[in-house]
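Notes follow once the structure below has been shown.
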Amino acid sequence: MPAGLNRALLTVAGAAIAVVLAIAICSVAIVVAGGSPLDALVAFFDFGNSARAESNSVATFLNRAVPLFIAGLAVAVGFRMNLFNIGVEGQYRIAAICAAFVGSTFTAPAPIQIAVIILVAAAVGGLYALIPAVMKVTRGVNEVISTIMLNYIAIALSAYLLREPFAGERAEGQLNTTTPPLPDSGMFPDLNFVFEWFGMLPPTRNGGLWGFLLVAVVLGVVIWVVLERTRFGFNVKASGLNGPAAQASGVNPKKMIIAAMVLSGGIAGLIGLPEILGDRGAYTNNFTAGLGFLGIAVALLGRNKPVGIAFAALLFAFLDRAQGALQFADIPASVVTIIQGAIVLLVVVANEVTNRIALRIEERRAAQQLGRNTPVEVAA
Amino acid sequence: GGGGGGTTASEEPTGGTSSAAGTGSLKVGLAFDVGGRGDKSFNDAAYTGLERAKTELGAEIKELSPSADGSNRGDLLRQLADAGYNPIIGVGFAYAEDVKKTAEEYPDLQFAVVDSASNAPNVTGLLFAEEQGSYLAGVAAATKSESGHVGFVGGVESDLIKKFEAGFVAGVKSVKSDAKIDVTYLTPDGDFSGFKAPDKGKVAAEKMYQDGADIVYHASGDSGLGVFQAAAAAGKKAIGVDSDQRQTVKETDLQSVIMTSMLKRVDVGVFEFIKAFQGGAKGGTNVTYDLKVDGVGLSTTGGEIDDIKDKLDAAKKDIVDGKITVPAKP
Amino acid sequence: MTRVRKYHLALIGVAALIVVVSLVRVLTGFDDLTSSGTVGAALILAVPIALAGLGGLWAERAGVVNIGLEGMMVLGTWFAGWAGYQWGPWAALAAGLIGGALGGLLHAIATVTFGVDHIISGVAINLLGPGITRFLSEVLYKEGTPAAEAGAGITSSPAVSGDTPTISLPLLSSGPDLLGKLESTHWFLVADVAGVLRGLTHQMNLLVVLAVLLLPLTFFVLWHTAFGLRLRSAGENPWAAESLGVNVYRIKYVAVVLSGAFAGLGGVFLVFVSDKYVEGQTQGRGFIGLAAMIFGNWRPGGLAAGSALFGYANGLQLRSAQTVTTFFLFGAVLLLAYLVLQVHRLTAPDRPAELAAPGVRQYVVMAGAVVGAAVLFWLWLVIDELPNDFVFITPHVLTLLVLLIASQRLRMPKADGVSYRRGEQH
Amino acid sequence: MSADTLATARPAVELEGITKRFPGVVANHDIRITVQPGTVHAIVGENGAGKSTLMKILYGMQKPDEGTIKVNGTEVSFRTPSDAIDVGIGMVHQHFMLADNFTVLENIVLGAEPKRAGRLDTASARRRITELAATHGLRVDPDKLVEDLGVGDRQRVEILKVLYRGARILILDEPTAVLVPQEVDELFQNLRELKAEGLTVIFISHKLDEVLGIADAITVIRRGTTVASVDPREVTARQLAELMVGSELPTPETRESTVTDTVALQVSHLTVEADGHHPAPKGVAAGEYAARLRDEGKRLLLDDVSFQVRKGEILGIAGVEGNGQSELIEAIMGIRAAHGLVELDGSDISSWSTLRRREAGIGYIPEDRHRQGLLLEASLWENRVLGHQTRKPAHKGVWVDRKASKADTQRIIDAYDVRTPGVDTMALALSGGNQQKLIVGREMSGEPVFLIAAHPTRGVDVGAQAAIWDHLRDARAAGLAVLLISADLDELIGLSDTLQVIYRGRLVAGLDPREITPEQLGGYMTGAIAGNEET
Ligand SMILES: Nc1ncnc2c1ncn2[C@@H]1O[C@H](COP(=O)(O)OP(=O)(O)OP(=O)(O)O)[C@@H](O)[C@H]1O
Ligand SMILES: Nc1ncnc2c1ncn2[C@@H]1O[C@H](COP(=O)(O)OP(=O)(O)OP(=O)(O)O)[C@@H](O)[C@H]1O
Ligand SMILES: [Mg+2]
Ligand SMILES: [Mg+2]
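Chains as they are written, first to last, in the working numbering: chain A, 18 to 397; chain B, 25 to 354; chain C, 11 to 436; chain D, 15 to 549.
Written out as structure tokens, the structure reads:
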């Protein structure tokens with residue numbers, strides 16, 4: 018269909034223009050800051066000057082993308098139904114600490130150990146998301162507020178758990194609080210062998226390329242299948258596009274809210290695992306926070322679709338990775354955040370604009386067509 | 025634990041370093057804690073030490089700040105290592121794990137971590153006996169207090185800050201065993217916003233002053249500003265932390281309420297570490313900056329505690345001599 | 011017609027609340043529950059939330075969801091700090107307003123002109139706010155700049171030069187301080203009322219007064235002026251407004267820019283309290299403000315109640331953590347009151363039909379209330395001090411509880427969050 | 015300064031060569047209309063002919079692509095409605111343009127607010143509104159919330175809005191669509207008064223007898239173009255209709271009865287409370303409970319409604335909109351909680367979910383297809399799946415059977431003559447009539463036992479209308495039981511085997527469609543004629 022193709026081309030062009038614009042805006046900022054945008058550009062692609070540095074940088078980049086992708090997925094499941102799960106942040110934190118603790122209490126063969134940890138994380142995340150879902154369904158509490166509040170509660174709760182019931186041993190002179198370490202069987206095998214395929218050194222960075230990447234890919238595919246091919250996915254889509262119509266078609270909106278929220282929370286529960294199973298081997302008090310909020314941006318940038326989210330996560334991770342390189346080039350690392358925000362905003366603006374242009378083109382085409390065969394033979 | 029303290033970097037200048045020979049061989053990398061350089065506090069103190077190494081030891085220096093979520097601490101260390109920096113310093117106990125792992129990956133390089141113990145053969149732990157300094161702050165507060173009522177405001181309820189509390193409480197009790205001590209933390213562990221909440225610091229301290237406390241000690245980063253403001257409003261006193269806040273705080277009305285500050289010489293720690301490295305020292309041990317080596321202490325700017333100097337010196341001597349062991353946990 | 015009744019009801023409610031609180035205070039001896047200090051602290055903590063909430067109110071009444079308040083507030087703090095150290099508090103006020111308004115303008119351009127989803131734009135602004143301010147700090151406050159000389163660092167500005175005036179009510183809250191004297195008697199009810207009044211009038215920063223006045227002002231403008239009617243119509247039915255010649259785009263622009271300015275003002279307030287800009291000092295208040303606004307049913311009065319609740323719980327927790335245990339007692343008392351009411355309703359001769367033969371549901375609810383009251387009472391008896399972690403979340407838990415009870419009465423503007431385009435009727 | 019200048023005055027409105035295109039549609043094409051001042055000028059045309067678009071252009075809401083507008087002889091160019099308001103044009107829209115959460119007063123003054131010292135001067139506004147209402151016989155309470163008003167009241171508010179602005183030229187876009195005959199009479203009385211005061215009225219309607227009754231001049235629009243200007247004294251309704259459609263008119267007419275004795279759907283004592291559903295206490299019969307609620311003075315949206323529909327029967331429900339039809343449908347569909355009993359084929363389905371009811375064979379053509387019937391931003395085949403997620407051919411285990419769904423969608427497209435490029439087209443790209451045909455096809459494909467058809471031909475053009483009627487009749491002949499709800503009284507009378515009138519949530523009259531005229535029916539619907547109340 019030429020119209021469809023037109024539209025696709027326009028969309029891509031729009032996105033490209035948006036990215037270029039975002040870069041331009043940041044370049045201006047960099048110039049104002051007395052730096053050189055070219056240096057900045059080089060820094061973004063500067064993956065280090067030794068083979069070892071390069072593989073480490075690539076691993077860092079991909080490792081960053083993994084939790085961002087999962088976070089994006091978690092947010093997207095809710096957003097597709099117009100459920101604003103702002104609580105991914107709290108859900109993954111609670112899930113991570115519980116999973117890390119449960120995983121440290123027993124030792125089993127690796128597949129079982131890891132499976133149990135993943136299940137616990139998903140279950141806890143899902144349960145924590147169940148709270149706002151039930152509040153919404155039974156009492157009509159707006160999920161935006163309840164999840165925001167629950168984020169704060171999650172922070173305090175996990176701090177308490179980490180210090181009291183779930184606290185692990187720590188070495189003399191260590192101030193980090195941590196859960197007990199996972200047994201070796203709890204650590205997810207890395208994917209460093211992949212680097213050899215490309216003739217690169219395996220990354221030496223701790224944890225190398227996290228094996229959880231595979232889980233993320235599988236998760237992405239599963240979520241895509243669930244959302245695009247199953248009855249449940251259809252119901253999610255229908256509820257998101259038109260709630261009353263979905264209800265009239267026999268979809269129970271309350272059940273859908275609970276199901277989508279729990280699924281979203283369950284996925285959210287996995288966000289912290291790449292870091293725990295790939296690198297730290299425990300939940301510590303400098304566990305990476307804020308991925309839930311970044312997940313919102315990633316999901317929106319990826320238009321709530323798994324493939325789009327993957328691209329968005331890679332883009333964000335690519336930008337984040339350059340934080341160090343930029344500082345080596347004496348450029349304020351905060352340009353990364355500015356670029357991220359600008360891209361999110363400009364890409365959606367570009368989307369709207371291209372949509373409208375496409376419409377106008379169609380309009381003109383229709384006018385031409387209809388202009389030829391005059392609508393009615395004027396009588397009277 | 026303060027005792028063992030090992031080898032403090034020796035005083036004698038090793039040959040030709042301060043002459044700024046600039047051999048170029050000394051490349052020091054340093055990674056800040058969240059907040060980064062320019063925080064006028066902890067990170068900046070570390071930077072002061074680094075800069076001193078540049079001027080006095082002719083070091084080439086590079087310092088990096090982590091992202092806002094701190095997720096790239098380890099990567100910063102590795103990037104410094106890959107860029108040929110040696111030694112490399114991580115500022116803040118949050119670096120403990122990452123320094124350990126990076127040190128294992130780069131066994132030929134030397135690392136140091138501030139506020140955390142050594143956990144690998146090529147890692148030097150730069151520890152500070154905050155509890156000892158806080159003890160002195162407690163002694164000063166109790167001695168100066170007329171009401172027998174003092175307070176402590178902690179930014180985040182983490183173990184590090186609890187060391188401050190423990191020392192302070194012990195110090196106060198050593199002077200007035202029946203003294204009333206209010207303790208408030210601004211945020212729970214894991215929510216580091218407690219170091220950036222002057223308004224909350226102000227509310228917490230205000231309450232203490234209203235209840236009759238006349239001196240409040242804070243270990244709450246930027247939130248301490250609120251404590252000073254509350255002190256100024258109540259016409260009472262406060263004790264600063266980390267650096268000599270009577271000098272670093274620029275507001276004149278606040279300066280005068282800062283009776284003293286508990287100094288934590290991270291700059292000294294960093295500088296001495298670099299110097300020792302240049303002298304060939306290897307890691308694997310901790311260096312504790314305690315009262316004995318003046319790694320912690322009280323500032324005297326303003327002269328408000330000059331009159332109780334004897335008492336403070338006595339307390340210090342008791343600690344140094346091991347007569348008093350200051351608890352590190354409340 | 012119902013306004014008078016509502017107003018009276020609110021007064022009675024407040025009075026009843028004071029009596030209950032006073033009772034609890036006398037029973038427990040926690041004088042801080044109603045001390046002027048607590049009320050003053052609550053006010054300080056509530057004002058930035060209320061200002062952010064007002065920002066949300068203005069935007070959402072005009073039909074634009076503003077989840078970007080946090081980012082706008084951050085802009086407000088930075089600009090206030092930057093202008094404040096150079097040119098004093100009034101410049102800080104102006105710059106903070108402008109900073110926030112710029113954030114609002116960005117949101118307006120994206121959502122109104124380009125029809126971008128409101129949530130997306132808000133999320134982007136929340137990313138941009140901290141990013142831009144950090145960048146500006148890195149450029150303008152770095153070592154060697156004049157600002158750095160004046161005490162700036164990457165994470166904070168120099169102190170705002172000069173002070174904002176504070177005022178007290180003469181006679182009552184200053185000088186002879188009659189209220190203060192009354193408060194220190196600790197008499198039942200008298201001391202409580204005195205404490206609350208004194209807390210509200212003693213040494214108030216002028217900006218607090220200004221901020222508090224903005225609430226009735228907002229009510230007046232939105233509900234009693236032509237402009238307000240048009241603004242609200244943009245949030246209820248922009249197509250109707252358009253068809254009557256109202257320029258909906260312009261209204262929305264004004265509302266969203268003002269919304270940003272309000273958030274920015276909240277930032278200015280934080281800067282004034284701290285005397286300077288400190289990175290991260292907004293601490294999610296933009297979000298809390300949004301929550302307070304929804305809590306308050308998109309109305310200034312409700313918003314004030316929501317922010318006050320938050321500020322009060324927060325202030326109490328910071329001032330005397332152990333007082334928080336009295337909330338258990340509160341809860342128990344409230345549940346008992348609910349039980350009494352319920353029993354009264356069920357046994358009343360003119361009870362409505364659906365209560366004539368109470369079903370399992372009613373009994374379960376009542377049994378739940380009894381158990382809840384007992385558990386809460388028991389908790390109050392046995393727990394002297396909660397772990398700090400739980401004390402910290404008191405405001406958040408309270409908000410959730412209140413929402414659970416009150417949520418079903420909320421009504422948001424009908425066209426809130428809807429993307430409106432001129433000439434395209436929905 | 016008014017009526018006597020009729021002959022000499024310049025035309026109130028002159029439209030010259032107006033053309034307006036939308037994506038895929040030319041809504042207006044070279045339209046020419048002249049409206050004399052002090053007259054009621056009717057514009058007629060079938061659905062989608064472009065009437066509303068033309069009026070929106072005249073009111074400044076849309077810009078014409080070509081053509082000129084003259085008002086009172088001067089050429090004007092409107093950028094926004096306020097430009098049109100300034101030259102004295104006011105418009106009452108086809109769909110209500112009211113903010114539900116505002117009072118009548120607020121809705122009326124919006125955009126033309128009286129001010130005093132910066133305040134909204136409600137006192138003077140109230141005075142002015144009461145005065146206007148009194149002089150024109152438009153009774154409303156200025157302080158009521160619009161959401162509490164019925165359609166007739168809302169219509170009056172709309173007209174007051176226009177009068178309040180001092181408009182001299184009134185555009186009324188299908189003001190009578192939602193009104194019953196008695197209310198229409200009242201409205202026309204008002205219009206005549208306005209005319210007498212020298213105002214010009216442009217009036218749009220589908221109801222040709224109405225048009226002939228009120229208009230001084232008539233313009234006919236067909237497919238976006240003016241096809242005729244006629245004098246109402248010289249044409250019959252039939253001629254006018256043929257001008258509009260360009261062909262013979264279809265009529266809804268049910269031939270021989272196919273009603274059987276088997277009851278398909280039985281509804282007993284259905285009751286819905288206005289302020290939320292509270293479960294009835296155990297052991298109290300629904301009818302009794304409804305009586306008790308009524309005694310307490312509770313507002314009831316549905317009040318003890320009982321009826322049955324037999325296989326092969328079409329039961330028509332007549333009623334002014336807002337008298338409980340929507341609640342009735344939703345209660346039967348299980349979307350809204352209600353007291354009372356619903357039985358399908360003899361089994362009690364009152365406690366079943368919507369899904370289970372649909373699976374048991376209830377089909378549903380919703381009253382608002384955009385709200386309840388379609389996913390506008392999804393493809394046609396996905397819309398085919400909607401409502402059939404758990405049934406063949408749409409599903410295969412937990413999966414959506416895409417292939418079978420697409421094939422069946424194609425079947426519907428062919429069988430129901432849905433004009434579309436293909437099954438992957440988005441639903442929003444279809445015209446209203448084609449959307450409706452898709453819905454009808456979908457609901458019929460589940461082989462329903464019982465079908466709810468709410469306004470099945472609303473906003474659908476004549477051809478599609480006839481097709482939909484045919485499908486309904488065929489299904490009825492095959493034994494389908496149908497509950498028909500419609501505002502089109504001809505449709506109701508023509509299709510139904512039995513008629514019930516709903517008024518204020520109660521069934522007030524059971525009527526025989528063969529013996530009733532639309533006027534009588536209107537009487538029952540407005541409560542003017544008391545019902546015979548049979549159950
Ligand atoms: N905003 C729009 N965008 C695209 N097409 C439109 C728009 N408004 C109207 N149309 C199309 O223009 C044509 C004329 O529509 P219009 O609403 O003017 O018809 P109408 O004569 O008022 O019909 P009805 O009797 O149903 O009210 C229709 O095909 C309609 O689908
Ligand atoms: N605002 C709009 N934007 C784009 N297209 C529109 C718009 N309004 C109507 N259309 C298009 O006009 C056509 C029919 O719409 P319209 O609403 O006039 O149908 P209708 O026959 O009047 O049915 P309904 O009674 O449901 O309005 C469709 O193709 C639709 O896509
Ligand atoms: Mg139409
Ligand atoms: Mg129309």
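Glycine included, every Cβ here is placed at the ideal spot set by N, Cα and C. Bear in mind that the values here come from a model prediction, so they are computed numbers and not experimental data.
Amino acids of chain B, ordered along the chain, whose beta-carbon sits closer than 7 angstroms to that of residue i
i, result
"Asn398(C)", "Glu181, Tyr209, Pro212"
Contact under 8 angstroms by Cβ, residue i with residue j
i, j, result
"Thr423(D)", "Arg383(D)", "no"
"Asn398(C)", "Tyr209(B)", "yes"
"Ala306(A)", "Thr196(A)", "no"
"Gly306(C)", "Leu313(C)", "yes"
"Ser510(D)", "Gly338(D)", "no"
"Ala117(A)", "Gly286(A)", "no"
"Ile453(D)", "Ile379(D)", "yes"
"Asn99(A)", "Gln403(D)", "no"
Interface residues of chain A facing residue i [CB-CB closer than 8 angstroms]
i, result
"Asp394(C)", "Here the premise fails: no neighbours, minimum Cβ distance about 17 angstroms."
Residue-level contact to chain A via CB, residue i, 8 angstroms cutoff
i, result
"Leu345(C)", "no"
"Phe402(C)", "yes"
Residue-chain proximity (residue i, chain C), Cβ-Cβ < 8 angstroms
i, result
"Ile240(A)", "no"
"Gln279(B)", "no"
"Leu249(B)", "yes"
Minimum Cβ-Cβ distance from residue i to chain D less than 8 angstroms
i, result
"Asn257(C)", "yes"
Presumed contact (8 angstroms Cβ cut-off) between residue i and residue j, rounded CB distance
i, j, result
"Val199(B)", "Thr148(B)", "Rounded, the Cβ-Cβ distance is 36 angstroms, inconsistent with contact."
"Asn80(A)", "Trp214(A)", "Going by Cβ atoms, the distance from Asn80(A) to Trp214(A) rounds to 18 angstroms, so no, they are not a contact pair."
"Glu189(B)", "Pro354(B)", "5 angstroms"
Paired residues, beta bridge with residue i - DSSP
i, result
"Val40(D)", "Arg35(D)"
"Glu89(D)", "Lys84(D)"
Cutoff 8 angstroms: residue i Cβ touching any chain B Cβ
i, result
"Gly86(C)", "no"
"Asp201(A)", "no"
Under 9 angstroms from the C-beta of residue i: neighbouring residues of chain A
i, result
"Thr368(D)", "Gln264, Ala265, Ser266, Gly267, Val268, Asn269"
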